[in-house]
Amino acid sequence: MVKSSDQPVVKSTSGRSSPVQQLLLSIMIIAVLDFLAGFIIIKDDYSTFRTPHYFYHHGLKPDQDTWSAWGSSLYRVKTNSLGMMDSAVYDVKLKTGKQRLLILGDSHSEGVGVVYPKTFSGILARQLVDQLEVLNASCISYSPKIEYLRAKFLFEQGLKVDHVFVLIDLSDMQNELVYEHFEPKKRSWMRETLYTGRIILRKYSSIFYLVTSISEKWQTKKFFETARFFNEQKISGTPANTLDLYATFFSDFDDKVLLSNPQFHGVGEWYYNERFKALADTGIALGQSYLLKLKALCDSQQVKLTISVHPWQYQILKGNDHDYYVNKWETFARIFDIEFINLFPLFINTQNPVITTDMYFIQGDNHWNQFGHALVAGYLVNYFSKNGTPEIGHLR
Amino acid sequence: MRYINLILIMLFLHACNSEKKIRHQIESIRIQDVTEKYDLGIACMEYISQYGDDLAYSKGLIRKLLEAGFSAEVISAAEILLGKFPDDPELYNLRGLGYLNMHQYVLAIADYNNAIRIQPENKQFLIELQSVREEEKVWNEIQVMNGSLANSADSFDVLLRRAEKLYSIREYDAVLYDLGSISKLGSEQDSLYYVSQVSTLNQEKGRKSVEVLSELIQYYGKVRNLDPKARKAK
Chain W
3 MVKSSDQPVV
13 KSTSGRSSPV
23 QQLLLSIMII
33 AVLDFLAGFI
43 IIKDDYSTFR
53 TPHYFYHHGL
63 KPDQDTWSAW
73 GSSLYRVKTN
83 SLGMMDSAVY
93 DVKLKTGKQR
103 LLILGDSHSE
113 GVGVVYPKTF
123 SGILARQLVD
133 QLEVLNASCI
143 SYSPKIEYLR
153 AKFLFEQGLK
163 VDHVFVLIDL
173 SDMQNELVYE
183 HFEPKKRSWM
193 RETLYTGRII
203 LRKYSSIFYL
213 VTSISEKWQT
223 KKFFETARFF
233 NEQKISGTPA
243 NTLDLYATFF
253 SDFDDKVLLS
263 NPQFHGVGEW
273 YYNERFKALA
283 DTGIALGQSY
293 LLKLKALCDS
303 QQVKLTISVH
313 PWQYQILKGN
323 DHDYYVNKWE
333 TFARIFDIEF
343 INLFPLFINT
353 QNPVITTDMY
363 FIQGDNHWNQ
373 FGHALVAGYL
383 VNYFSKNGTP
393 EIGHLR
Chain L
-19 MRYINLILIM
-9 LFLHACNSEK
1 KIRHQIESIR
11 IQDVTEKYDL
21 GIACMEYISQ
31 YGDDLAYSKG
41 LIRKLLEAGF
51 SAEVISAAEI
61 LLGKFPDDPE
71 LYNLRGLGYL
81 NMHQYVLAIA
91 DYNNAIRIQP
101 ENKQFLIELQ
111 SVREEEKVWN
121 EIQVMNGSLA
131 NSADSFDVLL
141 RRAEKLYSIR
151 EYDAVLYDLG
161 SISKLGSEQD
171 SLYYVSQVST
181 LNQEKGRKSV
191 EVLSELIQYY
201 GKVRNLDPKA
211 RKAK
């Protein structure tokens, strides 16, 4: 093809884009490439539905439908619009005509390793559907301080509930020490936007994903370097996904002496050990101080509060259904007029303890399997349908 | 545009290879420690939950989960596959085995019955169902003993009978626990005998636990006939 010589070659300046336009175009191209690369690079590591939080330390992302792993279990996870484990992804109405029960607790009540409909809260929600609505704001490694902040956040959002049920876990003793210096940041429009933006970028942007992954891996590495004794003794029997998750919750805790002590990581045995009993007492006292704050918060909203305790495998093998720990919480609940449920006798009875742990616990783990959840649900359905919740409209 | 095309092609290839990748990962895991056992469990569950259309291969993975002792995972894996293949008798059979390992006899028997309903000529299923029913009978007897433990004046006898029953259903860790409790109810000599026998389990080239447990049961069986006071004083 030959160019016509009649057409003069004119250098057009109007077609050339300005530096600002070029910059915007470059950003757009980078963003498109970044997001496309994200489809390949970003792997679902089974904990991507979890997120740090500026006010309540960490939680679950809202509106998730994904898979999670715990030990060798792979199970479907769905969260509602408030970032709570649920049977479906849906918008939770802040006010409802039905009675509402809000469950708070850690990994036990979140139901790690078990699909939500088979957890005690899923069973409660199904079996008590005519009487009340169940919301479960539990999340792994929560303890009374974070549970109080979570409830405060939800109440400030405008969520109305009639009853708060907190499942106190043995690990709370350790978590309270770990979160002692965590300070919630003030809520603001800007912070909420940044929080949402972070969730979106973590899911789609390859650059953001790589940077945050490297930072998280570095934190985990640092944790295991400090907690090396624990690492050597217990790592061979603990699944990697569980250990990595455990490491992430120590970001605000840098007591290297405690971290490097293997007994510090065996919190279930603290109060049997004279050296660690004082630490157990400190953890329990911290937890109780936040429980009192939660009680005051509930009272201000005219919401009923119930707490419960449950054993780990070690307590079951010890065979005391009313031990030091149970007494501590029972006494506290009695003094401050809080409803108290002791779930120890559900697991500690005349059944052979080895059979009990085999039947109701995930293999090699302190969390309930689906039959453990069913056992707890059976008890709680009875409890809440008999005397658990006030009359509809009575407290509103 | 060229880069975008390249990325799209890579995306397509990535999606095509995922199933093969998981299969390769499963085949390459050699269980040498507990961590690898968990890796295998996750990989098997990943394959079944994300793919699982190759029924024969998936059932092989459930058997791997059974061998690794992941009974709860066997139940959920079989449930996922039953959603796709509701008429496969072997899936009911495998889930039944998962339930059986977790002492959920009613559910296990229901699954065996489902398997037999679909494949009535399968003699293996019938034999297994019979065996589950027998085990359930022993289990129910153990539950009665549990009930009587709370009121029994002589827990030695109840615990020993329970240990015998648990031994017959191969619950050896539970037997060891009960024998430990029994040893504390007898004389000092009985307690020492228990400690010496159990220590042989932990030694290098130690005896098989079933042999030790069997001997301990026989030993305490001889003590059983004594009056509780005489037993303590022996």
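Respectively, the protein sequence lines represent chains W and L. Going left to right, the first sequence walks through residues 3 to 398 as the working numbering numbers them. Going left to right, the second sequence walks through residues -19 to 214 as the working numbering numbers them. From the three backbone atoms N, C-alpha and C, an ideal C-beta is built for every residue, glycine too. Nothing here was measured: the structure is a model prediction, and the numbers come from that model.
Exercise. My guess is that Ala52 (chain L) and Ser75 (chain W) are in contact by the Cβ rule of under 8 Å, so how many angstroms apart are they, rounded?
Worked result: 7 Å
For this session: Could you tell me which chain W residues have their CB closer than 8 Å to the CB of His4 (chain L), listed as they occur along the chain?
Result: Near His4 (chain L) there are no residues of chain W at all, since even the closest Cβ is about 16 Å away, more than 8 Å.
For this session: Would you kindly work out how many angstroms separate the C-alpha atoms of Ile89 (chain L) and Gly374 (chain W), rounded to a whole number?
Result: 20 Å
For this session: Whole angstroms is fine: what's the gap from Ala379 (chain W)'s alpha carbon to Phe122 (chain W)'s?
Result: 4 Å
Problem set entry | Rounded straight-line distance, which links the Cα of Met25 (chain L) to that of Tyr18 (chain L) | 11 Å
For this session: Answer yes or no: do Ser38 (chain L) and Ala57 (chain L) have a C-beta to C-beta separation smaller than 9 Å?
Result: yes
For this session: Would you mind working out which of L:Gln84, L:Gly160 and L:Pro69 sits nearest Arg97 (chain L), comparing C-alpha positions?
Result: L:Pro69
For this session: Step through the CB atoms of chain W and report whether any lies within less than 9 Å of the CB of Asn120 (chain L).
Result: no
For this session: Determine whether the Cβ of Ile107 (chain L) lies closer than 9 Å to any Cβ atom of chain W.
Result: So no, Ile107 (chain L) is outside the interface.
Exercise. Would you say Tyr118 (chain W) reaches chain L, if we count a Cβ-Cβ gap shorter than 9 Å as a contact?
Worked result: no
For this session: Could you work out which residue in W:Lys219, W:Pro355 and W:Gln315 is closest to Asp367 (chain W) when comparing CA atoms only?
Result: W:Gln315
Exercise. Cβ of Leu71 (chain L) less than 9 Å from any chain W Cβ?
Worked result: no
Exercise. Just to confirm, are Phe349 (chain W) and Thr358 (chain W) a CB contact at a threshold of 9 Å?
Worked result: yes
Problem set entry | Simplified DSSP assignment, three categories, for Arg3 (chain L) | helix
For this session: Return the residues of the stretch 149 to 175 of chain L that lie within a Cβ-Cβ distance of less than 7 Å from chain W, sorted by chain order.
Result: Glu151, Asp153, Ala154, Tyr157 and Asp158
Problem set entry | Any C-beta of chain W under 9 Å from that of Gly32 (chain L) | no
Exercise. When the Cα of Asp256 (chain W) is compared with those of W:Ile364, W:Trp191, W:Leu84 and W:Gln221, which residue comes out closest?
Worked result: W:Gln221
For this session: Give the residues from the stretch 46 to 61 of chain L that approach chain W closer than 8 Å (Cβ to any Cβ), ordered along the chain.
Result: Ala48, Gly49, Phe50, Ser51, Ala52, Glu53, Ile55 and Ser56
Exercise. Short check: CB of Gly285 (chain W) to CB of Glu178 (chain W), under 9 Å?
Worked result: yes
For this session: Tell me, please, which residues DSSP counts as bridged to Leu169 (chain W).
Result: W:Ser310
Exercise. Out of curiosity, what's the CA-to-CA distance linking Ile105 (chain W) and His165 (chain W)?
Worked result: 9 Å
Exercise. Do you know offhand how far Lys1 (chain L)'s Cα is from Tyr56 (chain W)'s?
Worked result: 38 Å
Problem set entry | Cα-Cα separation, Tyr200 (chain L) to Glu144 (chain L) | 11 Å
Problem set entry | Alpha-carbon to alpha-carbon, Leu172 (chain W) and Lys120 (chain W) | 23 Å
Exercise. Using a C-beta cutoff of 9 Å, does Tyr144 (chain W) count as contacting chain L?
Worked result: no
Exercise. Taking Cβ positions only, does Gly76 (chain L) come closer than 9 Å to chain W?
Worked result: No - not a single Cβ of chain W is within 9 Å of the one on Gly76 (chain L).
For this session: Could you spell out where the beta strand (DSSP E) holding Asn138 (chain W) opens and where it closes?
Result: Leu134 to Asn138
For this session: Compare the C-beta of Gly115 (chain W) against all C-beta atoms of chain L and say whether one is closer than 9 Å.
Result: yes
Problem set entry | Secondary structure of Ser387 (chain W), DSSP reduced to three states | helix
Exercise. How would you call Gln235 (chain W), buried or exposed, if buried means at least 16 neighbouring beta carbons within 10 angstroms?
Worked result: Legend: pLDDT at Gln235 (chain W) = 46, less than 50; position of this residue unreliable, value from coordinates given subsequently. It is exposed - the Cβ of Gln235 (chain W) has fewer than 16 other Cβ atoms within 10 Å.
For this session: Measure the alpha-carbon distance for Ile197 (chain L) versus Ser217 (chain W) and round it to whole angstroms.
Result: 57 Å
For this session: Take the Cβ of Glu151 (chain L) as the centre, count every other Cβ of all protein chains shown within 10 Å, and call the residue buried at 16 or more, exposed below.
Result: Under this definition Glu151 (chain L) is a buried residue.
Problem set entry | Sub-9 Å separation of Leu288 (chain W) and Phe338 (chain W) beta-carbons | No. Outside cutoff.
Exercise. Quick one: what's Ile105 (chain W) bridged to in DSSP?
Worked result: W:Asn138 and W:Phe167
For this session: Pull up the distance between the alpha-carbon of Tyr79 (chain L) and that of Tyr147 (chain L), whole angstroms please.
Result: 19 Å
For this session: Just the chain L side, please: which residues come within less than 9 Å of Gly99 (chain W) by C-beta, in chain order?
Result: Result: empty, since nearest Cβ-Cβ is about 35 Å, beyond 9 Å.
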